[in-house]
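Protein chains in written order, with the working numbering: chain U, 0 to 236; chain E, 0 to 236.
Each residue gets a CB set at the ideal place from its N, CA and C atoms; glycine is no exception.
Number of protein chains: 2
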Amino acid sequence: MAAEIRSPRARYREQTRAEIKEIALRHMAEGGAQGVALTRIAKEVGLSGPALYRYFSSRDDLLNDLVRDAYDDVAAAVGRVGADAQAGPRLALRALGGAYLDWAVAQPHRYLLIQGSPVPGYAAPPDTAQRARAVMGPFVKVFAQGEATGAVRPVVAEMEGWVRKDPAVADWLHAYTGLAADDAHAGTALAGTVLAWSQLHGTASLEVSGQYSGMGHQAGTLLNAQLDMLAEAFGLR
Amino acid sequence: MAAEIRSPRARYREQTRAEIKEIALRHMAEGGAQGVALTRIAKEVGLSGPALYRYFSSRDDLLNDLVRDAYDDVAAAVGRVGADAQAGPRLALRALGGAYLDWAVAQPHRYLLIQGSPVPGYAAPPDTAQRARAVMGPFVKVFAQGEATGAVRPVVAEMEGWVRKDPAVADWLHAYTGLAADDAHAGTALAGTVLAWSQLHGTASLEVSGQYSGMGHQAGTLLNAQLDMLAEAFGLR
DNA sequence: ACTACTTCGTTAGGCATCGTAACTCTCGAG
DNA sequence: CTCGAGAGTTACGATGCCTAACGAAGTAGT
């Protein structure tokens, strides 16, 4: 958004990078993350092998970029829904979860890329945690309106410790809720979010990797049941 | 267990296969599934490259074997706990979940191997579904004692359809509970199991792939909270 | 407009990896 | 004791990642 025009060279560079990523995504869609081979991409973009290294310093660098994009993309999908949460927290939770799951189902390979199960040799980029938090941000906002009950309490306690120790988390919490790290609702908001994250990931992951295939599976049904249990436990209506 | 003695040649063969798998596991522990390179294994076992193809027809074949072993191993770990479920279904559920999670945490690479996020090119072996069911068997038994309430009902309805369509599932259900496919509790048992599976997988997966790192994470706390919610929804005590 | 510098791209090559082919050697079953 | 199956070997080919060394083209300063 910042620099629109730039030098023609830089423009061309950006364009080529985008084209490479686009092709990489297509290859990934048919053949998994391992199907992303620099040589093939190069051929398709009309370059010869090593030329790609002008645009990405390594294969992992390219994959990292795809990971970043994917995170941003889910975050956007979830955030879009999060904006109009007028119907009460319970329904908002369903909507958010639905958006997450829908994204995962629509883009299985990208979800697999994100979901931690690392491709070959590669270690997740360091800013992963931050981007993951961005995805879950709207959930924090929802759970900040809750009150933890029963079995969920121990989780809240742990989260209170967490938010006090990790300033990045405190910032995150504050950005989406306005709450301070030592607020009474801080732990609740985080606990709900992490629990929701875990459930989302479980359901999305099994669905995407095809483990539900065979059952007349509606992953959405599963997820809704889980999120409703969560809403119950956090007194969300 | 069947043939103990066999011909010396077959004995040697089995022994070598086992040694190869053992080394492969060690390599996987340090370097992920992609760290399993035939050449290196061969060198370590004292053979030269292509000799390994006498024992495994391809790299995927080897990995498939590791996957199978891993499934059997989790199933054993979970089943061991499932045996002595005297303390009531709720605690049994916790114990089962704990065993699953503990196994995953103790053997992260093997869990990652299983959990669907496929290594490079490779497709899961066909008997995967059956082995996965074996892991979850004890859960079916627990949830067969439950009564679905509230938000979980729609899942039950879907599962009833599933068990009627898929004979393998009906067999599975019957083997662990004695229930018939059209029994009133069939759907309940399956619904609870699948929900539990999803939660287990979500928590274990995030934990194993290190996404919880930083928070004073006790994955067990998370899991217990989730399983308790489930127990609540299914009226387990 | 001319020169100097940066960027882009090429070919050649190194290295690791999976996997096949063709050939030898050694067991062990009959 | 023989001879065939199984175990191993070396040689080779195909990909794939990546570096090195060089040439071509655009960019910028004067």
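Is the separation between the beta-carbon of residue i and that of residue j shorter than 9 Å?
| i | j | result |
| --- | --- | --- |
| E:Ala143 | E:Leu90 | no |
| U:Gly201 | E:Trp196 | yes |
| U:Ala74 | U:Val154 | no |
| E:Ala17 | E:Leu112 | no |
| E:Ala180 | E:Ala169 | yes |
| E:Gln198 | E:Leu222 | yes |
| U:Ala69 | U:Tyr110 | yes |
| U:Glu157 | U:Gly186 | yes |
| U:Ala9 | U:Leu61 | no |
| E:Met228 | U:Ala232 | yes |
| U:Val44 | U:Thr15 | yes |
| E:Val104 | E:Ala203 | yes |
| U:Trp171 | U:Val193 | no |
| E:Gly145 | U:Asp165 | no |
| E:Pro49 | E:Val207 | no |
| U:Arg53 | U:Leu37 | no |
| E:Gly96 | E:Leu226 | yes |
| E:Ala167 | E:Arg132 | yes |
| U:Pro7 | U:Ala230 | no |
| U:Lys20 | U:Leu65 | yes |
| U:Trp102 | U:Asp126 | no |
Taking Cβ positions only, does residue i come closer than 9 Å to chain E?
| i | result |
| --- | --- |
| U:His200 | yes |
| U:Gln225 | yes |
| U:Trp161 | yes |
| U:Ala131 | yes |
| U:Trp171 | no |
| U:Asp165 | yes |
| U:Ser57 | no |
| U:Met158 | yes |
| U:Ala187 | Rather than Ala, the amino acid found at residue 187 of chain U in this sequence is Thr. By this cut-off, U:Thr187 is not an interface position. |
| U:Leu95 | no |
| U:Met228 | yes |
| U:Gln106 | no |
| U:Val134 | no |
| U:Gly177 | no |
| U:Pro88 | no |
| U:Gly149 | yes |
| U:Val66 | no |
| U:Glu29 | no |
| U:Ser6 | no |
| U:Tyr38 | Checking the sequence shown, residue 38 of chain U turns out to be Thr, not Tyr. No, because no Cβ of chain E sits closer than 9 Å to the Cβ of U:Thr38. |
| U:Val73 | no |
Taking DSSP as the reference, what is the three-state secondary structure of residue i?
| i | result |
| --- | --- |
| U:Glu146 | coil |
| E:Phe138 | helix |
| U:Val168 | helix |
| U:Met228 | helix |
| U:Gly234 | coil |
| U:Asp101 | helix |
| E:Gly237 | Shown here, chain E extends from 0 to 236; a query on residue 237 of chain E therefore has no answer. |
| U:Gly191 | helix |
| U:His200 | helix |
| U:His216 | coil |
| E:Gln114 | coil |
| U:Ala180 | coil |
| E:Gly186 | helix |
| U:Glu43 | helix |
| E:Gly160 | helix |
| E:Gln129 | helix |
| U:Tyr211 | coil |
| U:Glu206 | helix |
| E:Pro119 | Confidence in E:Pro119 is poor, its pLDDT being 44 and thus under 50, which makes the residue's placement too unreliable to answer from. |
Just to check my reading of the structure: residue i and residue j have Cβ atoms closer than 8 Å, yes? What is that Cβ distance to the nearest angstrom?
| i | j | result |
| --- | --- | --- |
| U:Val162 | U:Leu189 | 6 Å |
| U:Arg79 | U:Arg130 | Not really, about 16 Å apart at Cβ, beyond 8 Å. |
| U:Gly191 | U:Leu100 | With a Cβ gap of about 17 Å, U:Gly191 and U:Leu100 do not count as contacting. |
If we define contact as Cβ-Cβ less than 9 Å, is residue i a contact residue for chain U?
| i | result |
| --- | --- |
| E:Met214 | yes |
| E:Asp126 | no |
| E:Gly120 | Confidence in E:Gly120 is poor, its pLDDT being 47 and thus under 50, which makes the residue's placement unreliable; the coordinate value appears in the next sentence. Yes, because at least one Cβ of chain U sits closer than 9 Å to the Cβ of E:Gly120. |
| E:Leu194 | yes |
| E:Ala232 | yes |
| E:Pro153 | yes |
| E:Val141 | no |
| E:Ser208 | yes |
| E:Val77 | no |
Alpha helix (DSSP H) runs contained entirely in the stretch 1-26 of chain E, provided each spans 4 or more residues: none
Those runs of the alpha helix (DSSP H) which lie wholly inside the stretch 47-98 of chain E and span at least 4 residues: You should have 58-82.
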